[in-house]
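There are 2 protein chains.
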Amino acid sequence: MPDKQLIVVALGGNAISQPHQEGNVKEQFENSAATAGQLADLVDQGHHLVITHGNGPQIGNFLLRNEVAAGVIYPLPMEVAVAHVQGGMGFMIAQTLTNELGRRGSSRVVNTFITTVLVDLADPAFRDPTKPVGRVLNKEEAAANYEKEGWQTKEVGPGEFRRVVPSPVPINIMEIDAIRRAVEGGDLIVACGGGGIPVARDPSYGLHGVAAVIDKDLASALLATDLDVDTIMFMTGVDRVAVNFNKPDQRDVDHMNADQARRWMVEGQFPRGSMGPKIQGAINFVEASRKPHARAIIGPLGRAADALAGKTGTCITKS
Amino acid sequence: MPDKQLIVVALGGNAISQPHQEGNVKEQFENSAATAGQLADLVDQGHHLVITHGNGPQIGNFLLRNEVAAGVIYPLPMEVAVAHVQGGMGFMIAQTLTNELGRRGSSRVVNTFITTVLVDLADPAFRDPTKPVGRVLNKEEAAANYEKEGWQTKEVGPGEFRRVVPSPVPINIMEIDAIRRAVEGGDLIVACGGGGIPVARDPSYGLHGVAAVIDKDLASALLATDLDVDTIMFMTGVDRVAVNFNKPDQRDVDHMNADQARRWMVEGQFPRGSMGPKIQGAINFVEASRKPHARAIIGPLGRAADALAGKTGTCITKS
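Chains G and A are the protein sequences, given in the same order.
The first sequence lines up with residues 472 to 790 when you count with this note's numbering.
The second sequence lines up with residues 472 to 790 when you count with this note's numbering.
Structure representation (structure tokens):
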């Protein structure tokens, strides 16, 4: 492993919003500043970071704002909302890291790329939307929104519904050439925010946004592969990946190879909405990488440098 | 003048929204697509474009959505709103141009940079906010928002008030190194959307957003200077700059030098909210440029190639 690594750092929701908070802008900036401290520790060690992030709570709140104001002002479609949130969150994450680096004596300025990610409308995800977005609806609201907006919903609790959108596989990061050039030039960048803005290609029209959400861990893995990085880090709330989670024989895992990870995936060890995409992203990256030392790390956001050093977290390698 | 020029194209409001329209997303994409046709004509001629744009109607609508939903979900401050709108509009402008280039056989992908622009809190603009943002308020609303949010307002008509924010001078484009690298690498980019997100530097905290609006024409001129472009084009709704506008002796001007432009500015020939910043931006750029052939063009959006060729528009040169 080189001393100075190129690393994709995929920030989970807890990097920006804490579950017990309202999640307002002041709180988001404070959390981002704490996250920036972790990232700056890695930069101080000489590593070159490409930062990606989720947008779960933020896009939900954005769509809620949209919905509440819909009678007064035209709404923004899902994919246009994702683009807006990429701008807003990218600004925040880039600024807080720029400031943290500044406090440590560096004049580097972190940049944000608006990133679109190609998906295939033939992806089975479009026939079976699974990703919940926005607020909880009652039965009448769910029916009314289906009628009016074509929203598909799923019952998430007794009498409680949420809009669900497809979560298709990311195929191609459209801006990859420019992103690669920025990284090769030494820029610290934020890209693929919220998993990227999903776009499909229509033979006559060209590219167009689609109402979907791309999993940010899978998009991050694709970015890591495209940039041929040394390491991808999925920063989250837990110290290590566990098998038999919450059972008497729960076991925290500090290392697994791709075959083992895939077997556990098939066994259903990793829930679809949380650890599953991280493990899948890790497998995708280490198997596609041309670097024998390539690895994925899933570890706690608050101990990024320790996770990179193998003192905490779960490391996934090809073999 | 080189055959293949590096050009900053500053898009005015009419590039995205028409005055007679609601300005919804479908209309914005349609207008952007038409604008993309004009831009692609320039690209087809071999010119290298750096695109900037205003955000007037969009930021107003965004803030209105914010305001209507304020009781339900936390609002986004002005500067965070600008960042969001940069993402949303950049996505749209980049996508429609990418598509137009694709229809013409090119595989180039246009990129959007989230751009922050440094301003000085000692700028006199902060003591005298002049830039109206958001909807028209009645007297009670104006008073309530001053009370609650600290909004300064100005009476824009009998009993009609609008929030006003400072419009400080842009001092430094923070992401300029990355933008320059992208341009030198051959990327077509969108930058400085809405004039850029205004940020100030606090000695202890670092950079932070401020509730202000930077004039997009002045920001575009700064970008043009920093990138040492050949030409800056301010695309707008009129064929040429006029002096004695709407008077019997109105005269359309096809060329002026910086001294003449400044004299007319001092005479009050150019209204502050529309032609004034374009003329000021033109003066700033041609006077700062090291290129003897540097020029600014103010011309009609629908005839971009003609304006570049001198068949329409007003050309401003240093001498």
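Glycine included, every Cβ here is placed at the ideal spot set by N, Cα and C.
When DSSP assignments are scanned along the region 509-544 of chain G, the uninterrupted stretches of alpha helix (DSSP H) that are 4 or more residues long and fall wholly within it turn out to be 527-539. Within the region 544-606 of chain A, the complete alpha helix (DSSP H) segments at least 4 residues long are 549-574, listed from N- to C-terminus. Under the three-state reduction of DSSP output, Pro748 (chain A) falls in the helix class.
Shown here for Leu568 (chain A): same chain residues with a beta carbon closer than 6 Å to its own, the five before and five after excluded, namely Ala507, Leu510, Val581 in chain order. Within the region 536-548 of chain A, those residues whose Cβ lies closer than 7 Å to any Cβ of chain G are, in chain order, Arg536, Asn537, Val539, Ala540, Val543, Ile544, Tyr545, Leu547, Pro548. Identification of chain A residues near Ile668 (chain G) by a Cβ-Cβ cut-off of 8 Å yields Phe562, ordered along the chain. Around the CB of Val543 (chain G), fewer than 16 other CB atoms lie within 10 Å, so the residue is classed as exposed. For Lys625 (chain G), the enclosing beta strand (DSSP E) begins and ends at 623-628. Rounded to the nearest whole angstrom, the C-alpha separation of Arg761 (chain A) and Lys789 (chain A) is 10 Å. With the criterion set as a beta carbon lying under 9 Å from some beta carbon of chain G, the members of the region 622-654 of chain A are Met645, Glu646, Ile647, Asp648, Ala649, Ile650, Arg652, Ala653, in sequence order.
Annotated three-state conformation of Asn616 (chain A) is helix, per DSSP. Between Ile660 (chain G) and Ile650 (chain G), the alpha-carbon positions lie close to 8 Å from each other.
Taking 7 Å as the cut-off, the Cβ atoms of Ala713 (chain A) and Gln721 (chain A) count as close. The three-state secondary structure of Asp648 (chain A), taken from DSSP, is helix.
Between the alpha carbons of Asn570 (chain G) and Phe500 (chain G) lies a distance of about 12 Å.
Within the region 573-595 of chain G, the residues whose Cβ lies closer than 8 Å to any Cβ of chain A are, in chain order, Gly573, Arg574, Val580, Asn582, Thr583, Phe584, Ile585, Thr587. Taking 7 Å as the CB threshold, His519 (chain G) stays off the interface with chain A.
For Asn715 (chain A), no Cβ of chain G is located within less than 7 Å of the residue's own Cβ. Neighbourhood of Gln557 (chain G) in chain A, by CB distance below 7 Å: Gly558, in chain order. Apart from sequence neighbours up to five positions away, the residues of its chain that approach Leu608 (chain G) with a beta-carbon distance below 6 Å are Phe632, ordered along the chain.
For Phe716 (chain A), the three-state secondary structure derived from DSSP is coil. With fewer than 16 other beta carbons inside 10 angstroms of its own, Asn715 (chain A) counts as exposed. When C-beta distances to chain G are compared with 7 Å, every residue of the region 684-704 of chain A stays at or above that value. The beta carbon of Cys786 (chain G) lies closer than 6 Å to those of His726, Arg766, Ile768 in the same chain, with the five residues before and after it left out. Two segments are said to touch when three or more pairs of C-beta atoms, one from each, lie closer than 8 Å; by this definition the region 736-752 of chain A touches the region 680-695 of chain A. Between Ala671 (chain A) and Leu592 (chain A), the C-beta gap is smaller than 7 Å, which places the two residues in contact. Judged by their CB atoms, Leu779 (chain A) and Met706 (chain A) are not nearer to each other than the 7 Å cut-off. At a beta-carbon threshold of 7 Å, the residues of chain G lying near Gly656 (chain A) are Arg652, ordered along the chain. Rounded to whole angstroms, the gap between the alpha carbons of Arg774 (chain A) and Thr587 (chain G) is 30 Å. The Cβ of Gln492 (chain A) sits no closer than 7 Å to any Cβ of chain G. In its chain, beyond the 5 residues on either side, no residue has a beta carbon closer than 6 Å to the beta carbon of Ala505 (chain G). Annotation for Val724 (chain A): the continuous beta strand (DSSP E) segment containing it runs 722-724. Phe533 (chain A) and Val539 (chain A) have their C-alpha atoms roughly 10 Å apart. Rounded to the nearest whole angstrom, the CA to CA distance from Asn526 (chain A) to Gly484 (chain A) is 7 Å. Per DSSP, the beta-bridge partners of Ile668 (chain A) are A:Thr587.
Taken atom to atom, the span from the alpha-carbon of Asn643 (chain G) to that of Val553 (chain G) is near 17 Å.
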